[in-house]
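In my numbering, the protein residues as written are 382 to 799.
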């Protein structure tokens, strides 16, 4: 008697590793090309199109890092207190009218240019004023509490590389270098379909055998966090010819297509066959749980990704397939998913040969220790609420056979993924 497998989607054929899928994407998908210039205020999340070399040194001049007193280090007396005459005051935005004379010190505030001749600053809390004289303790090194010109970025140095995702620190650096706008790569248009007669769009009447479509809106929201233009293409019906025609037409108007559902081996799963009929299939099925049934193909030169229909599986495969593919189209440098270590508070068994993601909640561990990861109570890939009631995915590598309480885990925090 045949033994039926209790492993969902356990149909035959080799499974592709996540790394192999990423390598195929890098090898087969070139960046789109094309650039535009945007003001700094609109640059967040875009991809820098060309290396940015500093047109000016940062900081642009030798200045004080603290509120204190500027003086010549050579005026300090070895091993004993030094008395200097106080002459002048400089605040940020002011420039000294003349060089600092030997034997004198200048009151200086943070960010003010150092007066010519001065090379060291004593913090105000370490100095004493006595009449019109300044008393400085011994032991300060030359150049203390100062910022040389170009200390942060030297003029002509590479400040930001091409392919950098422009986050707030990168935009702040560009502003500090005096650049009002940046050349960024073009945003690819990414069309998103859901598939299945059982789906209804939220806000429309729900049939007796239907459920509301969630994947399309989750995927559009995930894409909104990337430098792309997401396009809602609606729901594909469970009809082979209609699916082929819709994918073929959409491929001509978009730079990438993303579908969910219809990539397994069921009688009403038409996406994989439609990709093969209208173009070519690059791979199908990953060594990944949740998320095994996933397909990548090309139709008319446009990459097409078919993600699983189960919501959690769609999230996981998006992170490993759609995200790197979209970033590749944008010309972005690879951006690894955020990961950190945690301590398992649960037992779990798995099969070797596939990577698994377990939903966990995180809480502080012992003082000085790792955070503790507790497994979400239920495991179904269709439980969308599990993503709202947990904090992270625990990543169990292909060679792992499971987890025991106290084991160290790599976790991917939802806050950095979504």
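Don't be surprised by glycine CBs; every beta carbon is placed ideally from N, CA and C. Remember, predicted model here, so these are calculated numbers, not experimental data.
Put simply, of 581, 612 and 574 the residue whose alpha carbon is nearest the alpha carbon of residue 624 is 574. By the CB criterion at 8 angstroms, residue 526 and residue 399 fall outside the cutoff. Distance between residue 606 and residue 598, taken at the CA atoms: about 13 angstroms.
In the structure shown, residue 585 adopts coil according to DSSP, grouped into three states.
In the structure shown, the three-state DSSP call for residue 409 is helix. Around the Cβ of residue 397, a 10 Å sphere holds 16 or more other Cβ atoms; the residue is buried. The DSSP-derived three-state label of residue 666 is coil.
Taking the CA atoms as reference points, residue 633 sits about 56 angstroms from residue 474. In the structure shown, residue 736 falls within a strand segment according to DSSP collapsed to helix, strand and coil. Taking the C-beta atoms as reference points, residue 566 is found no nearer than 8 angstroms to residue 636. DSSP places residue 444 within a strand segment (E or B) once states are collapsed to three.
When 506, 777, 556 and 626 are compared, the shortest CA-CA separation from residue 729 is found for 777. Shown here, residue 511 sits in a strand according to DSSP, grouped into three states.
Cβ neighbours of residue 780 within its own chain (closer than 7 angstroms, five residues either side excluded): 733.
The criterion of a C-beta distance shorter than 8 angstroms is satisfied by residue 676 and residue 644. Your pair residue 727 and residue 755 checks out as a contact, with CB atoms roughly 6 angstroms apart and the cut at 8 angstroms.
For residue 641, the uninterrupted beta strand (DSSP E) segment begins and ends at 637-641. Judged by beta-carbon spacing, residue 752 lies within the 8 angstroms limit of residue 746, meaning their Cβ atoms are closer than that value. Residue 428: not part of any beta strand (DSSP E); DSSP gives it neither H nor E. Here DSSP, grouped into helix, strand and coil, assigns residue 693 to helix. Relative to residue 610, the option among 639, 590 and 630 whose CA is nearest is 639. In the DSSP secondary-structure assignment, residue 460 is not bridged to any residue. The alpha-carbon separation between residue 750 and residue 723 amounts to approximately 9 angstroms. Straight through space, the alpha carbons of residue 555 and residue 428 are spaced by roughly 13 angstroms. In its chain, beyond the 5 residues on either side, 500, 501 and 523 have a beta carbon closer than 6 angstroms to the beta carbon of residue 454. With 16 or more other CB atoms across the displayed protein chains lying within 10 angstroms of its CB, residue 463 is buried. Note that the C-beta distance between residue 538 and residue 431 is not below 8 angstroms. Rounded to whole angstroms, the gap between the alpha carbons of residue 771 and residue 562 is 40 angstroms. CA-to-CA, the gap between residue 741 and residue 673 works out to about 20 angstroms. In the three-state DSSP reduction, residue 491 falls in the coil class, being neither helix nor strand.
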